[in-house]
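Okay, structure first, notes after.
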Amino acid sequence: MKSTLLIILLGTIFSSFSQPFTLPKLPFSYQEYAPYIDAQTMEIHLTKHHQAYVNNLNKAIKDTRFAGMGLEDLLMELRLEDGEAIRNNAGGHYNHSLFWNVLAPPAKQGKAQDRFLTAVQQDFGNLDSLKKEMNKAAMTRFGSGWSWLIVTPKGSLSVVSTPNQDNPLMNLGADRGIPILGIDVWEHAYYLNYQNRRADYLTAVWSLVDWSKVSENFDNAKANETRLMKLVSTKKGKKRKQ
Ligand code: MN3
0 MKSTLLIILL GTIFSSFSQP FTLPKLPFSY QEYAPYIDAQ TMEIHLTKHH QAYVNNLNKA
60 IKDTRFAGMG LEDLLMELRL EDGEAIRNNA GGHYNHSLFW NVLAPPAKQG KAQDRFLTAV
120 QQDFGNLDSL KKEMNKAAMT RFGSGWSWLI VTPKGSLSVV STPNQDNPLM NLGADRGIPI
180 LGIDVWEHAY YLNYQNRRAD YLTAVWSLVD WSKVSENFDN AKANETRLMK LVSTKKGKKR
240 KQ
C-alpha cells in the first residue's frame, strides 16, 4: 500500500522524467514567487531556458543507447565520453525540475518533517547551519552551477556543488548522491532582480524553499535503496574538469 502510494506520487510529480521529456508545470503562477524572484525571471527561466534543455535533450538522445530510458537512470549511466549535449541538457532538465519542485510562496509552504529535521540535526546541527553551508557552496562556485543538498549512499545528508548543469547523480568522479534540494546559481536565475548580486539572491531564495517538499524528497531518496546502492557500485567514471 505504502509503496503503491509512493509510486503514484512520484509518477505525478516526475511524469516529465519519462520520454519524450516534457516541461513540468509550475504549481503556482509566476507572480506568486515575487518579490523573492520576479515573475518575468520565473517565466523566462521556465519557458526559455528549461524548455530549451527539454527540446535539446529529446533531440540529443535520438538513436543513442539512452532512447526510452527514464531521466534518473540516464543521468546515472552517462559518462563523460557521451558528450556534452546529452549531459548538459539531461542535467538542465533534471536540475530545474527539482528546483521548481522545492519552491513555493511563503504562505503556501508546509513544515519540515521530523525525520528530515533529525537528519539535519545529526549532520549540520540545525537548518541555519545547513543554509550557511549551501550558501558557501553557492558563493564559491565559480561561474555557473548548482549548490546541492544530497542524500549520500550511506544515507546521511551532505552539501556539494557542481559546475554548469552537472549534478550529483552523474558518475563524474566526484561525490555522488540523490539531490533533494538544489539552488540554481546561474545568473539567468536572478539577473533581472539582482544583476550580479548572487548573495542577495541567495538570501531571498531561502524564503521560497518549501521544507515540506525537501522532507518528502528526503523520504523518497532514503526509500530508494536500489538507487543509492547503484551510486557506489558502478565503476568510477572519468573525472570532469571542475
Ligand atoms: Mn537555470
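At position 221 of the sequence shown the residue is numbered 220 (numbering that gives the first Met the number 0), and the sequence of numbers has no breaks.
Beta carbons are placed, not taken as given, at the ideal position from N, Cα and C, and that holds for glycine.
Bear in mind that the values here come from a model prediction, so they are computed numbers and not experimental data.
Backbone CA spacing between residue i and residue j [nearest angstrom]
{"i": "Pro105", "j": "Ser206", "result": "6 Å"}
{"i": "Met133", "j": "Tyr32", "result": "21 Å"}
{"i": "Asn88", "j": "Val158", "result": "23 Å"}
{"i": "Asn223", "j": "Leu191", "result": "38 Å"}
{"i": "Asp218", "j": "Ile149", "result": "12 Å"}
{"i": "Leu116", "j": "Glu83", "result": "37 Å"}
{"i": "Leu74", "j": "Lys229", "result": "12 Å"}
{"i": "Tyr269", "j": "Ala188", "result": "The structure shown does not extend to residue 269, since the chain spans only 0 to 241, so no value can be given for it."}
{"i": "Val184", "j": "Asn163", "result": "9 Å"}
{"i": "Ile177", "j": "Thr202", "result": "24 Å"}
{"i": "Lys61", "j": "Pro23", "result": "21 Å"}
{"i": "Asp165", "j": "Gln50", "result": "17 Å"}
{"i": "Lys27", "j": "Leu102", "result": "The sequence shown places Phe at residue 27, not Lys. Between Phe27 and Leu102, the C-alpha separation is close to 9 Å."}
{"i": "Glu76", "j": "Met169", "result": "7 Å"}
{"i": "Gln39", "j": "Leu25", "result": "14 Å"}
{"i": "Met0", "j": "Arg239", "result": "With a pLDDT of 45 at Met0, under the threshold of 50, the modelled position of that residue is not reliable, and the figure given next carries that caveat. Between Met0 and Arg239, the C-alpha separation is close to 42 Å."}
{"i": "Asn57", "j": "Arg78", "result": "18 Å"}
{"i": "Lys237", "j": "Lys107", "result": "42 Å"}
{"i": "Ala220", "j": "Ile179", "result": "8 Å"}
Where the alpha helix (DSSP H) containing residue i begins and where it ends
{"i": "Ile43", "result": "38–43"}
{"i": "Leu70", "result": "70–76"}
{"i": "Asp174", "result": "Taken as a continuous stretch (DSSP letters only), Asp174 belongs to no alpha helix (DSSP H), as it is neither H nor E."}
{"i": "Tyr52", "result": "50–59"}
{"i": "Leu191", "result": "190–193"}
According to DSSP, residues forming a beta bridge with residue i
{"i": "Leu180", "result": "Leu148"}
{"i": "Pro34", "result": "Per DSSP, none; premise fails for Pro34."}
{"i": "Arg231", "result": "A quick correction: the sequence has Val, not Arg, at residue 231. Val231 is not bridged to any residue."}
{"i": "Val208", "result": "Leu102"}
{"i": "Pro162", "result": "Gly144"}
### Query
Which residue spans inside the segment 99–160 form an unbroken beta strand (DSSP E) run of at least 3?
144–150
### Message
Using a strict less-than 6 Å threshold between each residue's beta carbon and the heavy atoms of the ligand MN3, what residues do you get?
### Response
His44, His48, His95, Asp183, Trp185, His187, Ala188
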